[in-house]
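Student:
Chains as they are written, first to last, in the numbering used here: chain P, 1 to 394; chain V, 1 to 394; chain E, 1 to 394; chain Z, 1 to 394.
#1: Quick one, which residues of the region 45-62 of chain V are near chain Z if we go by CB-CB under 9 Å, in chain order?
#2: Pair every Cβ in the region 120-135 of chain V with every Cβ in the region 161-170 of chain V, then say whether three or more of these pairs are closer than 8 Å.
#3: Determine the burial state of residue 26/V: buried for a count of at least 16 other Cβ atoms within 10 Å of its Cβ, exposed for fewer.
#4: Starting from residue 257/V, trace the alpha helix (DSSP H) in both directions and tell me its first and last residue.
#5: Is DSSP giving residue 311/Z helix, strand or coil here?
#6: Is residue 233/Z a contact residue of the ligand FMN, with contact defined as CB to any heavy atom under 7 Å?
#7: Exposed or buried, what is residue 245/P when buried is set at 16 or more other beta-carbons lying within 10 Å of its beta-carbon?
#8: For residue 214/P, name the three-state secondary structure that DSSP assigns.
#9: Run down chain P in chain order and give the residues with a C-beta less than 9 Å from the C-beta of residue 395/Z.
#10: Just the Cα atoms here: how many angstroms apart are residue 336/E and residue 350/E?
#11: Between residue 87/Z and the rest of its own chain, which residues show a CB-CB distance below 7 Å, the 5 nearest in sequence each way excluded?
#12: Select from 258/Z, 59/Z, 293/Z and 15/Z the residue whose C-alpha is nearest the C-alpha of residue 273/Z.
#13: DSSP puts residue 155/E in a beta bridge; with which residues?
#14: Using CA coordinates, which residue listed in 161/V, 348/V and 251/V is at the minimum distance from residue 296/V?
#15: Who are residue 175/E's beta bridge partners in DSSP?
#16: Return the bridge partner residues of residue 16/E from the DSSP annotation.
#17: Considering residue 73/E, what are the terminal residues of the alpha helix (DSSP H) in which it resides?
#18: Compute the distance between the beta-carbons of residue 288/P and residue 391/V, then report whether it is under 8 Å.
#19: Taking 8 Å as the cut-off, decide whether the C-beta atoms of residue 331/V and residue 356/V are in contact.
#20: Who are residue 247/Z's beta bridge partners in DSSP?
#21: So who's on the other strand from residue 112/Z, going by DSSP bridges?
#22: With 8 Å set as the bound, which would you pick, yes or no: does the beta-carbon of residue 337/V sit closer than that to a beta-carbon of chain Z?
#23: Would DSSP call residue 234/E helix, strand or coil?
#24: Taking the beta strand (DSSP E) that residue 23/V falls in, what are its first and last residues?
#25: Nearest-angstrom Cα distance between residue 298/P and residue 312/P?
#26: Give every residue of the same chain whose Cβ lies closer than 6 Å to the Cβ of residue 325/E, excluding the five residues on either side of it in the sequence, and list them in chain order.
#27: Please classify residue 169/E: does DSSP put it in a helix, a strand, or coil?
#28: Any idea which residues DSSP pairs residue 296/P with across the strands?
#29: Rounding to the nearest angstrom, what Cα-Cα distance links residue 249/P and residue 238/E in this structure?
#30: Taking residue 25/P as the query, report the chain Z residues whose CB atoms sit under 9 Å from its CB, ordered along the chain.
#31: Would residue 220/E be called buried (16 or more neighbouring beta carbons within 10 Å of its own) or exposed?
#32: Leaving out five residues on either side along the sequence, give the residues of the same chain with a beta carbon under 7 Å from the beta carbon of residue 69/E.
#33: Using the rule of at least 16 other Cβ atoms within 10 Å of the residue's Cβ for burial, across every protein chain shown, is residue 137/E buried or exposed?
#34: In angstroms with no decimal places, state the Cα-to-Cα distance between residue 62/Z and residue 174/Z.
#35: Are the CB atoms of residue 229/P and residue 323/P within a distance shorter than 8 Å?
#36: Please confirm if residue 347/E has its CB atom under 8 Å from at least one CB of chain P.
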């Protein structure tokens, strides 16, 4: 029974939404320490070590700005630091979160242009390249891509987007949202020439929500010098200056930083490549279960399968929300809901963050039992298929 | 990765030994509060409320002594408070823990007599009755039974033992070990006329080890007045006197008492009958899995099946310890080992305490995958059988 | 020894900066619970109850927006939701934080006008009234006041500011920063006709940093409809709409909300008026200590003394930072530093948040011993003077 | 407000009884980790490391037995492992706890002989020597001394007791209770030739109550081979055998062991000699305060002053319990009560465990304010005297 469960329920809640994820005890315990003086000497030591260490997770040698704000704030930060009112930005409609980011760009006075997809695959790379080639006078100032679209379970190929921009010979900045991929799916800020990587604490980083990040390239910092969108809270300049000595220009979210320190240590101890391989394996096991049930995976393009979550389509005439409600009530598990046009049509299984094979099997068993309880047509054997895979390959 | 895991392992450890069990967060958080003055006024209020409340878990209206000691201490307490050097006690060989209790009785200078079984069933009630009938001059001072034998997964019928003693018209005390049954399997101290119920904190009570209990009948208190085994730390007298006002004669294990307070609240909120029904259901699901695998359950008498754990026999020539080691390494789950003559022959699945259906499915999936990984001959489909049962009946 | 103390130091750190304050164990334990599904039914119940309950702390019946961002973010929110590019705002130079807020207004493209003071008193109310009377065509859109200036320990009289605005018959909005006063110093959003109250979690609310607040009047919501500063993350509209049912438009800082729930319960259990009286008493005790030492209080206007902190001036030729460093090293206490022009000239004693009389006495004793150790000229007897007061009046 | 305070009280409770002491956050957080399999491989690693490390705190190279039981249990363990029914033991009446230990010895069937003192000094070493010299045929099997008598604040000189036994040429075992001295006052099991050192977790070891210890000499192990008091739970033999590989013969108090691991690390990081010096300093500061108040210290022999606590006598006609109640209510501090004949005549200030100078000053200020509030005749200036000392010497 978790803190706010209103009914007495035995056993640990299965939080299998695609984030926030299950926070490991080690991280919770780190956060549960006294708040310290954020201007004192010990804070500087912590800050310096942490700001350095966190770069490894982004695979960058450049600075990473840490905001005491949730991920949506880091989206805003990426835009307001690099762009000016009316700037054209090329955004890719991968799903609900890409749509929200576009709406934010509009509210901030930018001129987003949207490359549509059918919400069943990642960003349309050839379309990006074509549009950039068209843009002879370089009106487009930035290309914005959601690396892992949390609403659909489709992962865009950032390496290919990079190559497309280069092939078009276009100077636009590349801004990438890794909120639900960082620390779960292979990602390389420097190697892929990303200018701003947007990230949040509550997914692969295994923290509660409340921290967010901008990894920033030299080119992005340069763009910031002339960008004219009003900004203050999210301004990189004061941040980067203060970070030099391990401090922050205004009060940081100290206890979440304790948690971050522990979480990054855990990721590096497991080894990032091992972390990614584990996510890949669990995602494959999940897809095998879905197929065995005879259900359809929302992502229609295998090269774009997400290793962080799998969105599953329900047969016509069946309600995904009724299924989720039944699973919550009977099996004490939270699954992700369908968003926007996918509302009630899909449910989403989060298999990211601090997760082991038996938690995954509990999760898939819960889905399979839920399908039966809720009367959703399916074949049994999905959990069995996942086990077959994991026992050969866990 | 738990506190002392020496390897970085993602995801929560599955602690599926038959105790200590998984301690719920609410209990851990309660324990994680500052230690208080055990002689101050607030302690008295806590103590009084707790000593009263805990009686409900034993289903007694009499006193329950709480020791700042692990369960083995409460075994000793039951003996030294009621018996005198050289006293004959009738004990029932249900398995390893019954054997240890007998050895303790010997070390304490008692004269235990052992009614043997084959470690595949609960106490032999007809044999108890027969032996008591024989004992015309009432040399036997106590009958000692382990309610749930943690080494075999066999639960003795205490109600029948009571009736046997009554049928024999014998005045012996009835001492019952409920260390691995209290809070998991239906148990009734008053209704079944038990004189001393021995219990521990780390199983159905969902606490870490470190507290133990004696529920004490009027007849037992009377016996204590003349019992001559030396005792001090475990003496009921000073305990019961101090408990009147909510205090203890020596320093209690304060932080574990905080946890006990939370744990009892949780059990009562769920409802004891619901708690027992949940354990029965999970035990049945587990046995269906074992049968589907084609393996043998250690308990050969269905009326004695334990709802707290299931011990599973391995086919000849296969090592249970090798299986457990493989499961620990590959799937991050601890299972119980075989004890005494069962060493390496059985493994034990704990399905007691703060457990939900998906944790159980994770557990059974882990066993099934482990059987495959370790090369133990079995049929797949055990987890599936458990799901079939739980989805109809969870 | 706290989590990040780099030296082994016995005993609890005294965090006596004017915020972040000492987080009570009950709040830390609440935060140390598993993160939950922020779209699930239990979250809605928590959210609804919390959004309602928190209003009492602001003494408002209107809505309070909760941001997953630190206090600086709530400053920005107050401005961007109510104002348009180039708007004139009347701000009051009470000290360092008022200056930072003005700089933020400038960076956001507003036209702040600054009413100067000498950093030794609260806002200059007659000057505000005079300036507003001058502003016949109502170019000034908002009056911004820091209720408790954390850099100087001077508290502005918001009730008087209200009366001044009314007396001038001016329609400007009243925006008030209560970051270091809310939950510590008497404050009344509704009664004083405040339009936006800005607050943070890490002072009187006794939480770690990471949450911030805008209490919003009807008039402010109306202003938001036409305000044209770009905004998205901080936009009230989506917030207020989602809050109706207890949810948030984007991921909230769940675990900090658990802590807020506990903290508000604690404040209401003690009673807000009792909380304020306690802060008043501790502030008076502190000032008596300072006077007994023969040192000067930075706040020169007794009607503006802060009940949250006391800034103390050092005699010429002595370094406040050297004193603070000595106290940190020898006595394991953090005090606040001088900011801006007060750098190295004052130190600040925080006496707000979860504080009892003996923690205050430890604090004042630490200052007195520090003065001696650091060779700062003073008379002994400050702690004694505080005790004399508290023992008569605690 | 601590977990079980029935009234809402701001600020941290001052637990200044002479144990249980304030448990450091680092220890509480360690304990707040999932319970692990006490028979698994990771437990063995933890156990082995911990059993080795803890020896340093006792300054022994021999084994230390750790019981999942409170300190009273370790008293019993020391007696039952080394003695036989009817054995004569020479015990020293230093105060209440020595009296309780003697009563335990009687209840266990031993024949204690008591060397009386006036409860205002440590053990009477010449009397011990004289009695042993008298005992020509070595009927006395053990000399039992409480190192630090928690009821009086008098510390016996164990080095001198050792020399007295040697001078008498007597083979008796030396059993020493260090429950309130270990980790606070210089103590050397090996160097002083102690045979059994009894200790508990909840004082200088900075843990909650629930663990206790026997450090055991070769001579004591040898005595155990022939000792005939019945024992089982407390038997060293099975313990020492299992400890060889890092395990325990029955379920250990796992989560308290986590805390012990953290606590021992903290003591060793500070350095035992530094820990003792800190306790000496705080005790001297406390005594200076008591003298400045014009009150009398219970310990009348300066060579026996305790560095762990100071018991203070009240003037005739004044109630120590009324004073303690007033301090608890007004200042949220718990002080120790008078025990046995000292009931209501003394109060005891604990200054041991995880304590810094400002906590001590808060404590002494609370006592001084309490004396005034409760109308106990005294001179002010005690806290000031302590500060004068600490600022010169902290």
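All C-beta atoms, glycine included, are put in the ideal place defined by N, C-alpha and C.
Tutor: Working from what's here:
#1: Flagged, chain order: 45 and 46.
#2: In this structure the region 120-135 of chain V lies against the region 161-170 of chain V, because at least three pairs of beta carbons, one per stretch, are closer than 8 Å.
#3: Answer is buried; the Cβ neighbour count reaches 16.
#4: Start and end: 254-270.
#5: Correct three-state label for residue 311/Z: strand.
#6: The ligand FMN is absent from the structure shown, which contains no ligands of any kind.
#7: Exposed: under 16 other Cβ atoms inside 10 Å.
#8: Residue state, collapsed to three classes: strand.
#9: Any property of residue 395/Z remains undetermined from this structure, which presents chain Z solely from 1 to 394.
#10: Approximately 7 Å between the Cα atoms of the pair.
#11: Within the same chain, residue 87/Z has close Cβ partners 110, 111 and 141.
#12: The shortest C-alpha separation from residue 273/Z is found at 59/Z.
#13: Looking at the DSSP assignment, residue 155/E forms a beta bridge with 148/E.
#14: Per the C-alpha coordinates, the member of 161/V, 348/V and 251/V positioned closest to residue 296/V is 348/V.
#15: Under DSSP, residue 175/E shares a beta bridge with 144/E and 196/E.
#16: The partner list for residue 16/E (beta bridge, DSSP) reads 335/E.
#17: Its alpha helix (DSSP H) spans residues 71-82.
#18: No. Outside cutoff.
#19: No. Outside cutoff.
#20: Residue 247/Z is not bridged by DSSP to any residue.
#21: In the DSSP secondary-structure assignment, residue 112/Z is bridged to 89/Z.
#22: Yes, contact with chain Z.
#23: Correct three-state label for residue 234/E: coil.
#24: Per DSSP, residue 23/V belongs to no beta strand (DSSP E) and is neither H nor E.
#25: Answer to the nearest angstrom: the Cα atoms are 5 Å apart.
#26: Around residue 325/E, the same chain offers no residue with a beta carbon nearer than 6 Å, after the five sequence neighbours per side are excluded.
#27: Residue state, collapsed to three classes: coil.
#28: For residue 296/P, which the question treats as bridged, DSSP gives the partners 313/P.
#29: The alpha-carbon atoms of residue 249/P and residue 238/E are separated by roughly 28 Å.
#30: In chain order: 32, 33 and 34.
#31: By the beta-carbon neighbour count (other beta carbons within 10 angstroms, threshold 16), residue 220/E is buried.
#32: Correct list, in chain order: 212.
#33: Within 10 angstroms of the beta-carbon of residue 137/E lie fewer than 16 other beta-carbons, which makes it exposed.
#34: The alpha-carbon atoms of residue 62/Z and residue 174/Z are separated by roughly 15 Å.
#35: Cβ atoms of residue 323/P and residue 229/P: not closer than 8 Å.
#36: Not one chain P Cβ lies under 8 Å of residue 347/E.
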